[in-house]
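Using my numbering, read the sequence shown as starting at 5 and increasing by one per residue. Below is one structure, written out as structure tokens; comments come after it.
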Amino acid sequence: MQFNPRYPSLNPKLYHHQMPVPLKGAKAGHFNEALANQLQWSEQDKAKWVEICSGQKTFTEFEPLAMVYAGHQFGQWAGQLGDGRGLLIAQILDTNGQTIDLHLKGAGSTPYSRMGDGRAVLRSVIREYLAGHALNALGIASSNAVGFTSSTQGIQREKLEPGAMMLRTSDCHIRFGHFEWINQYQPELLTEFTQKCIEWHYPECLDAEQPVLAFATKVTQRTAVMIAKWQLVGFAHGVMNTDNLNITGSTLDFGPYGFMERFRPSWINNHSDYQGRYTYQQQPSIGHWNVWQWLNNLVPLCPTDYDKEQWKQDLASCLEHYEPTFLEHYKHGLNQKMGLPSFHKDSFDCGMAFLRILQSEQLDYTQNFIQLQNKQFEMIKDDCLDRRQFESFLTQYENIRANQETDELDAEMVQANPQYILRNHMAQKAIELAERDDFAEVERLFKLLHQPYLKQPDLEQTEDLGPLPSDVPEVMVSCSS
Ligand code: AMP
Ligand code: MG
Numbered sequence: 005m006q007f008n009p010r011y012p013s014l015n016p017k018l019y020h021h022q023m024p025v026p027l028k029g030a031k032a033g034h035f036n037e038a039l040a041n042q043l044q045w046s047e048q049d050k051a052k053w054v055e056i057c058s059g060q061k062t063f064t065e066f067e068p069l070a071m072v073y074a075g076h077q078f079g080q081w082a083g084q085l086g087d088g089r090g091l092l093i094a095q096i097l098d099t100n101g102q103t104i105d106l107h108l109k110g111a112g113s114t115p116y117s118r119m120g121d122g123r124a125v126l127r128s129v130i131r132e133y134l135a136g137h138a139l140n141a142l143g144i145a146s147s148n149a150v151g152f153t154s155s156t157q158g159i160q161r162e163k164l165e166p167g168a169m170m171l172r173t174s175d176c177h178i179r180f181g182h183f184e185w186i187n188q189y190q191p192e193l194l195t196e197f198t199q200k201c202i203e204w205h206y207p208e209c210l211d212a213e214q215p216v217l218a219f220a221t222k223v224t225q226r227t228a229v230m231i232a233k234w235q236l237v238g239f240a241h242g243v244m245n246t247d248n249l250n251i252t253g254s255t256l257d258f259g260p261y262g263f264m265e266r267f268r269p270s271w272i273n274n275h276s277d278y279q280g281r282y283t284y285q286q287q288p289s290i291g292h293w294n295v296w297q298w299l300n301n302l303v304p305l306c307p308t309d310y311d312k313e314q315w316k317q318d319l320a321s322c323l324e325h326y327e328p329t330f331l332e333h334y335k336h337g338l339n340q341k342m343g344l345p346s347f348h349k350d351s352f353d354c355g356m357a358f359l360r361i362l363q364s365e366q367l368d369y370t371q372n373f374i375q376l377q378n379k380q381f382e383m384i385k386d387d388c389l390d391r392r393q394f395e396s397f398l399t400q401y402e403n404i405r406a407n408q409e410t411d412e413l414d415a416e417m418v419q420a421n422p423q424y425i426l427r428n429h430m431a432q433k434a435i436e437l438a439e440r441d442d443f444a445e446v447e448r449l450f451k452l453l454h455q456p457y458l459k460q461p462d463l464e465q466t467e468d469l470g471p472l473p474s475d476v477p478e479v480m481v482s483c484s485s
């Protein structure tokens, strides 16, 4: 590994050094060797992956630390938070020279644990492990993980569950909530901290006339792009609190997430979200709200020679990039999924008409796009109660596609429509087996989701292809993890 320990160069008020506390009876769960290779792990590092991913081995080159941050949770100011159960154990260079954080989740309590036990259970570790892998393979910026370990130590949640640890990777663990903490508790750190964020994550902004404004615009745009991509694959993050969004627009901290099956825009996967703040359809506007909250934290950075009111207006203008960026990516992506040309004035309407059918007929989002891609129109129609609605959609669809380069459009559909997503019941089956020390299903899903756009008949199972029958109860997912 090639170390680049840069977070510890920040003011020590921003973190607390401490070592991981291993769980009893740590054992191998799953190892992502391809990612370890990308992170330039040596053969010796790889041979020790279980020790590293269970907190038994740390590195002399990096002293592990817990970060402090704050946040708005479910729309309310939550005050000080921080890594309550995870430690940054290294920052290393990958084969592209990019610095990647290694963050060990479930490593024991920290000064920021509040009432928590500092642990993670195998169920939630597997869910995050597989989803991070799936999002990366889908082409969506996200944390990932080098590996996870299980243990013989029981951890109390609603019931006693096996404790586990996961070695998460991300290009950034600096959250919107870092800025909120600094402004609330140590405002004198803001200038230097922001400067470091720009140097590390947006060096191209250093040359701008106002680097802070350029940075603010980029963060706004990247967040909008990330959320547009979530919407397109039907991903619902579940807890879009400001402490769970990072400044590089890569997906982070998706505990009670879900990939939507039947198309229900008001779907809530997180049963702890009683008011439905983080439903699938709310994500774009919640993202906007979070960026707005975050931008407020940059108000004190007004340069001395700048008019204060003008500075506020200029920050507000950064936020104005959010909606057009989101719409541009979402519309283009939906057109690609539909196999419709983006330049045609009716393409987006036609895509929306298809979504309305999926919604009113309660059809599976992923599979019906695949059926559209395969031109299995009769199959979709057979599943519709209102066939006239489908027929009028199909007429419009075929009219738009007439006289177009359909080969090119069809090729784009294949790149835009996953054959496989991580359905809750798929993860659940892998979890139940893993709790009995059988990780074969984790391995199968890991492979399947590695190439989500490719049909893999030898690896797939029928249950991967659609929702469970409506009489089977849904898997309940909550914040308890
Ligand atoms: P989350 O909503 O999972 O991102 O967690 C919100 C905050 O609670 C973060 O600061 C976490 O570190 C902390 N937290 C969550 N679960 C635990 C736990 N079991 N022990 C200690 N802290 C936790
Ligand atoms: Mg969090």
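For every residue, glycine included, the Cβ atom is placed at its ideal position computed from N, Cα and C.
Exposed or buried, what is residue 410 when buried is set at 16 or more other beta-carbons lying within 10 Å of its beta-carbon? For this step, residue 410 is matched to residue 406 along the sequence shown. Residue 410 is exposed by the Cβ-count criterion.
Output needed for residue 231: all residues of its chain with C-beta closer than 8 Å, excluding positions within five of it in sequence on either side, in chain order. The residue you call residue 231 lines up with position 227 of the sequence shown. Same-chain partners within the cutoff: 287, 288, 291, 330.
DSSP three-state call for residue 381: helix, strand or coil? Here residue 381 corresponds to residue number 377 of the sequence shown, with the count starting at 1. The answer is helix: DSSP assigns residue 381 an H, G or I state.
Cβ-Cβ separation, residue 181 to residue 90 (assumed contact under 8 Å), whole Å: The residue labelled residue 90 in the question sits at position 86 within the sequence shown. The residue labelled residue 181 in the question sits at position 177 within the sequence shown. The pair is not a contact, with the Cβ atoms about 14 Å apart (cut-off 8 Å).
Is residue 364 near the ligand AMP - that is, is its Cβ less than 7 Å away from at least one heavy atom of it? As a working note, residue 364 is residue 360 in the sequence shown. Residue 364: no, Cβ never under 7 Å from the ligand AMP.
Can you look up residue 73 in the DSSP assignment and give me helix, strand or coil? Position 69 of the sequence shown, counted from the start, is the residue given in the question as residue 73. Reduced to three states, the DSSP call for residue 73 is strand.
Residue from 98, 101, 99, 172 with nearest C-alpha to residue 124: Reading the sequence shown from its first residue, position 120 is the one you call residue 124. Comparing Cα positions, the closest option is 172.
With a threshold of 8 Å, are at least 3 pairs of Cβ atoms found where one atom belongs to the stretch 369-381 and the other to the stretch 340-351? yes
Euclidean distance between Cα positions of residue 183 and residue 303: Start at 1 with the first residue of the sequence shown, and residue 183 comes out as number 179. Start at 1 with the first residue of the sequence shown, and residue 303 comes out as number 299. Each residue's alpha carbon lies about 11 Å from the other.
Which first and last residues belong to the beta strand (DSSP E) in which residue 223 is found? Taking the first residue of the sequence shown as 1, we reach residue 223 at position 219. Run containing residue 223: none in the beta strand (DSSP E); it sits in the alpha helix (DSSP H), 215-237.
Alpha carbon to alpha carbon, how far is residue 142 from residue 219? Give it in angstroms, no decimals. Taking the first residue of the sequence shown as 1, we reach residue 219 at position 215. Taking the first residue of the sequence shown as 1, we reach residue 142 at position 138. One C-alpha to the other measures close to 26 Å.
If you measure between the beta carbons of residue 32 and residue 60, is that distance less than 8 Å? The sequence position of residue 32 within the sequence shown is 28, counting from 1. The sequence position of residue 60 within the sequence shown is 56, counting from 1. Their beta carbons are not under 8 Å apart, which means residue 32 does not touch residue 60 by this criterion.
Below 8 Å on the Cβ atoms is my guess for residue 260 versus residue 446; work out the distance and round it to an integer in Å. Along the sequence shown, read from residue 1 onward, the residue named residue 260 stands at position 256. Along the sequence shown, read from residue 1 onward, the residue named residue 446 stands at position 442. Not quite, the Cβ-Cβ distance comes to about 19 Å (not below 8 Å), so this is no contact.
Which residue comes first and which comes last in the alpha helix (DSSP H) that contains residue 89? The residue given as residue 89 occupies position 85 in the sequence shown. Counting along the chain, residue 89 falls outside any alpha helix (DSSP H), and DSSP gives it neither H nor E.
Taking only runs of the alpha helix (DSSP H) that begin and end inside the stretch 389-461, which ones reach a length of at least 4 residues, in chain order? 391-405, 410-420, 428-438, 444-454
Cutting at 6 Å between CB atoms, please list the residues of its own chain near residue 187, excluding the five before and the five after it. Along the sequence shown, one-based indexing puts residue 187 at 183. Contacts found: 301.
Please return the same chain residues whose Cβ sits closer than 8 Å to the Cβ of residue 364, not counting the five positions on each side in sequence. Numbered from its first residue, the sequence shown carries residue 364 at position 360. So the list reads 390, 393, once near-sequence residues are dropped.
Between which residues of its own chain and residue 299 is the CB-CB distance below 7 Å, once the five residues before and five after are set aside? For the purposes of this step, residue 299 is identified with residue 295 of the sequence shown, where counting begins at 1. For residue 299, where only same-chain residues beyond five positions count, the Cβ hits under 7 Å are 220, 319, 322, 323.
If we count Cβ pairs, one from each stretch, closer than 8 Å, do we get three or more for the stretch 307-315 versus the stretch 232-243? no
Selected residue, minimal CA-CA separation from residue 327, among 262, 226, 282, 254: Walking along the sequence shown from the start, residue 327 turns up at place 323. Looking at the Cα atoms, 226 is the closest of the given residues.
Take residue 144 and list the residues in its own chain whose beta-carbon comes closer than 6 Å to its own, dropping the five residues that flank it on each side. Taking the sequence shown and counting its residues from 1, the one referred to as residue 144 is at position 140. Excluding positions up to five away in sequence, the list reads 233.
Sufficient close CB pairs (3 or more, under 8 Å) joining the stretch 110-122 to the stretch 79-86: yes
Those runs of the beta strand (DSSP E) which lie wholly inside the stretch 115-169 and span at least 3 residues: 148-154, 158-160
Helix, strand or coil for residue 268, going by three-state DSSP, please let me know. The count along the sequence shown starts at 1 and reaches residue 268 at position 264. If DSSP states are grouped into helix, strand and coil, residue 268 belongs with coil.
Leaving out five residues on either side along the sequence, give the residues of the same chain with a beta carbon under 6 Å from the beta carbon of residue 489. Beyond the ends of the chain as shown, which are 5 and 485, falls residue 489; an answer cannot be given.
Alpha helix (DSSP H) containing residue 40: first to last residue? The sequence position of residue 40 within the sequence shown is 36, counting from 1. Looking at the DSSP string, the run of the alpha helix (DSSP H) that includes residue 40 is 37-42.
Let me confirm a value: residue 473 is counted as buried when at least 16 other C-beta atoms fall within 10 Å, else exposed. Which label applies? Counting from 1 along the sequence shown, the entry for residue 473 is found at position 469. With fewer than 16 other Cβ atoms within 10 Å, it is exposed.
So, are the CB atoms of residue 92 and residue 69 less than 8 Å apart? As a first step, residue 92 is located in the sequence shown; it is residue number 88 there, counting from the start. As a first step, residue 69 is located in the sequence shown; it is residue number 65 there, counting from the start. Closer than 8 Å, so yes.
Starting from the Cα of residue 110, find the closest Cα among 275, 17, 257 and give me that residue. Numbered from its first residue, the sequence shown carries residue 110 at position 106. It is 257 whose Cα lies nearest to the Cα of residue 110.
Residue interval of the alpha helix (DSSP H) (run including residue 318): Residue 318 sits at position 314 when you count from the first residue of the sequence shown. First-last of the alpha helix (DSSP H) with residue 318: 312-323.
Rounded straight-line distance, which links the Cα of residue 237 to that of residue 112: To locate residue 112, count along the sequence shown from 1; it is residue 108. To locate residue 237, count along the sequence shown from 1; it is residue 233. If you take the alpha carbons of residue 112 and residue 237, they lie about 34 Å apart.
Might you give, ordered along the chain, the residues of its own chain that have their beta carbon closer than 6 Å to the beta carbon of residue 470, omitting 5 neighbours on each side? Counting from 1 along the sequence shown, the entry for residue 470 is found at position 466. If we look at residue 470 and ignore the five residues flanking it on each side, its Cβ neighbours are 368, 371.
Mind checking which residues open and close the beta strand (DSSP E) that includes residue 20? Walking along the sequence shown from the start, residue 20 turns up at place 16. That run of the beta strand (DSSP E) goes 19-21.
For residue 95, which beta-bridge partners are listed by DSSP? The residue given as residue 95 occupies position 91 in the sequence shown. Paired residue(s): 105.
DSSP-derived helix/strand/coil call for residue 386: Numbered from its first residue, the sequence shown carries residue 386 at position 382. Helix, per DSSP.
For the ligand AMP, is there a heavy atom less than 7 Å away from the beta-carbon of residue 116? Taking the first residue of the sequence shown as position 1, residue 116 is located at position 112. Result yes, Cβ under 7 Å from the ligand AMP.
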